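Here the structure is laid out as structure tokens; the discussion comes afterwards.
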Amino acid sequence: ERAALAFRNVISLAPNWAGGYAGLADTYLRQSRYNEALPAAQQAINLDSGRPEYYLLLGRIYDGLSRPTDAKAAYDAAAGLAPPAPGTTPPPASVTPAADQPTMTAATQPATPPTPTAAGSMQTVVVP
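Per the numbering used here, the sequence shown runs over residues 5 to 132.
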């Protein structure tokens, strides 16, 4: 519950940052709280629809809710946004993420959410 509280605090301070909603959705997903995870994941996508990892998160939530058709649609959307594998033909330019839009992978995603400090800068807080 502490992780969810931390993400809710981040969202209250930065309501237009999709990462806060994605973090909250992922936290709820890990707790099998799918009905609470769903609107958070949807809001992350509403704020930043170019991130394939948000659609993967949504697909996992739909899987948890036993909604396979919706899960497949989310996974398909993620596949359409994901960068092509080396040596393959890239997708049409209309679905390629902008060069200035970094994508998170398991290797680059922070283990804990960044949280605003009193001075307004971001710091990483370890939540057990």
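No residue lacks a Cβ here, since even glycine has one placed at the ideal position from N, Cα and C.
Owing to the predicted nature of the structure, the values given are computational and were not obtained by experimental measurement.
Measuring alpha carbon to alpha carbon, tell me which of Ala86, Tyr58, Ile65, Ala78 ends up nearest Arg37.
Ile65
Helix, strand or coil for Asp80? Go by DSSP, reduced to three states.
In the structure shown, Asp80 sits in a helix (DSSP, three-state: H, G or I).
How many whole angstroms separate the CB atoms of Ala44 and Tyr32, which I take to be in contact at a CB cut-off of 8 Å?
That pair is a contact at about 7 Å.
With a 10 Å radius around its C-beta and 16 neighbouring C-beta atoms as the bar for buried, classify Arg34 as buried or exposed.
exposed
Report, in whole angstroms, the separation of the C-beta atoms of Ala18 and Gly24, which I expect to be a contact under 8 Å.
6 Å
With Ala78 and Tyr59 assumed to form a contact (beta carbons below 8 Å), what rounded beta-carbon distance in angstroms separates them?
5 Å
Among Ala8, Trp21, Thr73, which has the Cα closest to the Cα of Arg55?
Trp21
When you compare each of Ala7, Arg12, Asn39 to Asp67 by their alpha carbons, which one comes out closest?
Asn39
Would you mind reading off the limits of the alpha helix (DSSP H) that contains Glu57?
56-68
If distances are taken between C-alpha atoms only, which option among Phe11, Asn50, Leu42, Glu5 comes closest to Gly63?
Leu42
What distance in whole Å lies between the Cβ atoms of Leu61 and Ala29, which are believed to be in contact at a cut-off of 8 Å?
6 Å
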